[in-house]
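Asks:
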Amino acid sequence: MEQILHVITAEVKKAFMECGYDEEYAKVTLSNRPDLCEYQCNGAMAAAKRYKKAPFVIADEVSGKLAGNAMFASAESVKPGFLNLKLDNLFLAEYLRNMQQDQERFGCEKAKASKTFMIVYGGPNVAKPLHVGHLRSAVIGESIKRLGRFVGHTMIGDVHLGDWGLQMGLIIIELKARQPELVYFNESYTGEYPLEAPFTISELEEIYPTASAKSKEDTAYKDEAMQATYELQHGRRGYQALLSHILNVSVTDLKKNYQNLNVDFDLWKGESDAQPYIPDMVEAFRKDGYAYISDGALVVDVKEETDTKEIPPCMILKSDGASLYNTTDLATIVWRMQDYHPDGIIYVVDKRQELYFTQVFRCARKTHLVKPDTSLKFLGFGTMNGKDGKPFKTRDGGIMRLESLVSEINEEMYQKIKGNHTMDEDEARETARIVALSAMKYGDLSNQASKDYIFDIDRFTSFEGNTGPYILYTIVRIKSILAKYQASGHTVEGAQILPARSESEKALMLELSRFHPAIETAFAELAPHKVCAYIYGLANAFNHFYHETKILTEENADVRAGYICLLNLVKGILEKCIDILGFSAPEHM
Ligand code: ARG
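Read in order, the letters of the sequence shown correspond to residues 333 to 921 in this note's numbering.
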């Protein structure tokens, strides 16, 4: 379906042309004075110069042309030369009926040119528990992936595990200190290694921090870990077998955690998967003259003339020949291009890594790892702060584990919901989980991603205001009206959305008709907060209508059935939008 703004614009263009003016002046926008009109066109002001007429004369002529047009209830010219438009109620109802025909997409057409994007988010580190810093990447990335799919693109989500580097060596030597008899440490062993890992996830999560703390105190210990890392990276069998155990145990646990957040990935690739691509890539950088030695290290210059601040060279290999975080990100681009041919790669990472990604992207372009038209986009997000405005911490000042945060908010929600006497314990727990997820995700997504925000459990879990629970509450309210309508033996068969009978109903219908542009803009700008803003407006419009209208007690059966059709559409669109945001609504609350 054509977007409603385009349908209106086409009609206004026709009127401009019929009056002898160029159609370029017929630019229609959403009204900035909703008290006066719904849409507006200021084109007569601009046309006045070219046609050497008073703007009001032009606006008046066009308004005359539009008089009696079935699309408009009124098309008024106002001094000095504005055109104020109000839609005809039947036209609007018909537009919504068409949207409703399509229960999947509500008439929202797919992007004309479907593209393939790889989206890199999550970024957890193996053997380290997820902490709140990983929440934003997961939540924002997941919603952009879903948004892109709805718009009609192929979106491939990759978790990009941090599974390479010293942390592996640390785990290995700590394990060796505890269980030196394990076969993995016997260098002369040539047989198969056990299938079962020699540790559980909770042991692993204890081993790493212990080892990491020790290495900070004890240089010999650290050297040993570095040596183990080196041997692991250079093919020592026993260590590689341990690495796969670490990966398996860790990934199983990560998957469970992400599943609780309703987040999933198409690819579980990690930094280690990029390593085989490094030697050839580096060789090519050298051969093509992009890389040179500076202070012993191999670097590629990435500064540009127009830079206003210093962009340091991209370091490829350290003086000891070791590769870096950069090198891995570049080599990852190599396999991504080879295996998936994406039109673009989107990175959802903490905005403090912005300069780093500027270097990586420039280096990838300069060395032709990507095609000139491959887009590389950094979506940097701000910090999640506590109420004190400082990065979110546990009560005793430690790093907050994501699991603890989730339990805390689930518990808070459970306490609120328990008061609902119609629910048994299990249902209350499950409902609390669903609503808590909306509180957490909406609390994050409703902010512009690049901004820092304050994680305020009290506010996020409130059923009032711009919150996830408020949106769910609205959906649950609609579900309950629909259920009562059905229970009373009525059906909507043969019924349809009718022209609005009140201001509040019309306002609700106008909001509904703006679903398509809201979604399109949100994806174009990679801005899930625009989906939140849209549904908040829609939920408000619905609740206003609900408070002013007798729905189930409406006596006229056709009018009543028409309301029910309208409610179905509101519910469908709200549910579609929260699905895009990555959460769902319960049956009751
Ligand atoms: N693992 C990293 C961290 O925990 C984030 C990875 C970001 N993504 C990337 N392609 N570098 O900070």
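Note that the Cβ used here is the ideal one computed from N, Cα and C, for glycine as well.
1) For VAL681, verify whether its CB is less than 7 Å away from any heavy atom of the ligand ARG.
2) So the beta strand (DSSP E) ASN416 belongs to, where does it begin and stop?
3) Who are VAL632's beta bridge partners in DSSP?
4) Could you tell me the alpha carbon to alpha carbon distance between ALA378 and PRO387, rounded to whole angstroms?
5) Regarding ASP585 and the ligand ARG, is the C-beta to nearest heavy atom distance less than 7 Å?
6) For LEU870 and ASP598, what's the separation of their Cα atoms in angstroms?
7) Would you mind giving the Cβ-Cβ distance between TYR774 and ILE803, rounded to the nearest angstrom? I have them listed as a contact below 8 Å.
8) Pairs of beta-carbons, one from the segment 458-468 and one from the segment 575-587, closer than 8 Å: are there three or more?
9) Between MET669, ARG684, THR664 and VAL680, which has its C-alpha nearest PRO704's C-alpha?
10) The alpha helix (DSSP H) spanning LEU662 covers which residue range?
11) On the three-state DSSP scale, how would you describe LYS544?
12) Nearer than 7 Å: is that true of the beta carbon of ASN457 relative to any heavy atom of the ligand ARG?
13) Compute the Euclidean distance between the alpha carbons of TYR624 and CYS695, then round it to the nearest angstrom.
14) Alpha carbon to alpha carbon, how far is GLU334 from SER916?
15) Whose C-beta lies closer than 6 Å to the C-beta of MET613 among residues of the same chain, with five residues either side of it excluded?
16) So ILE451 is in the beta strand (DSSP E); what residue range does that whole segment cover?
17) How about LYS719 and ASP788: do their beta carbons lie closer than 8 Å?
18) So, for THR690: in the same chain, excluding its five sequence neighbours on each side, which residues have a beta-carbon less than 8 Å away from its beta-carbon?
19) Output the distance between the C-alpha atoms of MET755 and ASN580, rounded to the nearest integer angstrom.
20) Do ILE340 and MET403 have their CB atoms nearer than 8 Å?
21) For HIS463, which beta-bridge partners are listed by DSSP?
22) Residues in the same chain with beta-carbon distance under 6 Å from TYR868, minus the five sequence neighbours each way, listed in chain order, please.
23) Quick one: give me the first and last residue of the alpha helix (DSSP H) that LYS838 is part of.
24) Give the straight-line distance between the Cα atoms of THR881 and TYR371, rounded to the nearest whole angstrom.
25) Secondary structure at PHE531, three-state DSSP: helix, strand or coil?
26) Please state the DSSP three-state secondary structure of TYR521.
27) By a C-beta neighbour count over all protein chains shown, 10 Å radius and 16 as the cutoff for buried, is GLY904 buried or exposed?
28) What ranges does the alpha helix (DSSP H) occupy inside the segment 335-397, keeping only unbroken runs of at least 4 residues that lie completely in it?
29) Mapping the DSSP letters down to three states, classify PRO723 as helix, strand or coil.
30) Which residue's Cα is closest to the Cα of ARG684: LEU901, LYS783 and ALA827?
31) What do you reckon, are the CB atoms on ALA443 and VAL483 nearer than 8 Å?
32) With LEU734 and LEU564 assumed to form a contact (beta carbons below 8 Å), what rounded beta-carbon distance in angstroms separates them?
33) Below 8 Å between beta carbons: does that hold for LYS418 and ALA405?
34) Give the single residue among PRO412, THR584 and LEU842 whose Cα lies nearest to the Cα of PRO366.
35) Any heavy atom of the ligand ARG inside 7 Å of the beta-carbon of ASP661?
36) For the alpha helix (DSSP H) containing PHE693, name the first residue and the last one.
Replies: Result, derived from the coordinates:
1) yes
2) 414-419
3) ALA623 and CYS646
4) 8 Å
5) no
6) 32 Å
7) 7 Å
8) yes
9) MET669
10) 657-672
11) Checking the sequence shown, residue 544 turns out to be Ser, not Lys. SER544 falls in the helix class under three-state DSSP.
12) yes
13) 13 Å
14) 28 Å
15) ALA663 and VAL666
16) 448-452
17) yes
18) VAL634, ILE643 and PHE710
19) 39 Å
20) yes
21) ARG733
22) ASN798
23) 835-845
24) 25 Å
25) coil
26) coil
27) buried
28) 336-350 and 375-383
29) strand
30) LYS783
31) yes
32) That belief does not hold up - the Cβ atoms of LEU734 and LEU564 are roughly 27 Å apart, past 8 Å.
33) yes
34) LEU842
35) yes
36) 686-698
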